[in-house]
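Colleague:
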Amino acid sequence: MPFHDSEMTTKTYDNRILLGEISDMLAQGGEVILRAKGFSMEPFIRSELDSVRLCKPETVNVGDIVLACLEGESYVLHRVFAVEGGRVTLMGDGNVRGKEHCLLSDVKGKVKTIVSPTGRERVPGKGRVWRWLMPVRRYILGVYRRVYRRKYRKEFYRNET
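Numbering (our numbering), first residue to last: 415 to 575.
In structure tokens form, the structure reads like this:
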């Protein structure tokens with residue numbers, strides 16, 4: 415029987431509980447589709463529009479988008495900026511500064527695909543050009559936020575009613 419949105423029940427959970435459970439599912443080899451919230455991965459993952467298909471991280475490389483647990487049990491979905499020994503440096507694509515650090519063992523999931531609101535899945539790139547554009551990223555993001563975010567929000571809310 416096909417799944418219909420009208421049959422879906424929405425529940426809200428504390429992120430530490432929800433993402434802890436997701437981490438356990440991924441550790442057991444499962445896959446999870448999670449709706450993205452927050453603007454730190456824009457323009458490549460759009461908040462509350464796109465979802466991500468997460469899987470267990472067999473390897474962690476520069477450019478991967480990962481779900482990581484930081485100190486204090488907070489979680490982020492950010493791109494790997496550097497891997498040095500057992501330490502990982504993360505930075506959101508929508509950030510112009512500010513990096514997080516964690517251990518390899520704190521990386522709980524890896525983005526396998528990005529799922530659009532229409533259900534189309536695409537494999538994320540490694541963000542090489544985006545990292546190379548770091549000196550001018552703030553200007554590109556400024557244009558994106560003024561133009562595209564407004565357009566997507568209008569479309570999203572128009573389709574919700």
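Glycine residues also receive a C-beta, built at the ideal position from the N, C-alpha and C atoms.
Taking the C-alpha atoms as reference points, what is the distance between proline 538 and histidine 492?
Modeller: 12 Å
Colleague: Would the beta-carbon of leucine 440 fall within 7 Å of that of leucine 468?
Modeller: Against a cut-off of 7 Å, the Cβ pair of leucine 468 and leucine 440 comes out as a contact.
Colleague: Report the start-end ranges of each alpha helix (DSSP H) in the region 477 to 557 that is 4 residues or longer and not cut off at the edges.
Modeller: 542 to 546
Colleague: How about isoleucine 528 and isoleucine 459: are their beta carbons less than 7 Å apart?
Modeller: yes
Colleague: DSSP three-state call for leucine 579: helix, strand or coil?
Modeller: Outside the shown range of the chain, which is 415 to 575, sits residue 579, and nothing can be said about it.
Colleague: With burial defined as no fewer than 16 other Cβ atoms inside 10 Å of the residue's Cβ, what is the status of methionine 548: buried or exposed?
Modeller: exposed
Colleague: According to DSSP, is isoleucine 459 helix, strand or coil?
Modeller: coil
Colleague: Identify whether valine 446 lies in helix, strand or coil by the three-state DSSP scheme.
Modeller: strand
Colleague: By DSSP, does serine 437 sit in helix, in strand, or in coil?
Modeller: helix
Colleague: Have a look at Arg536, Trp546, Met505, Glu445 and flag the residue whose alpha-carbon is nearest the alpha-carbon of methionine 455.
Modeller: Met505
Colleague: Among Ile431, Asp507, Arg501, which residue has its Cα nearest to the Cα of glutamate 590?
Modeller: The question about residue 590 has no answer here: the residues shown for the chain are numbered 415 through 575.
Colleague: Determine the DSSP secondary structure at asparagine 429, reduced to helix, strand or coil.
Modeller: helix
Colleague: Alpha carbon to alpha carbon, what distance is there between glutamate 472 and valine 525?
Modeller: 12 Å
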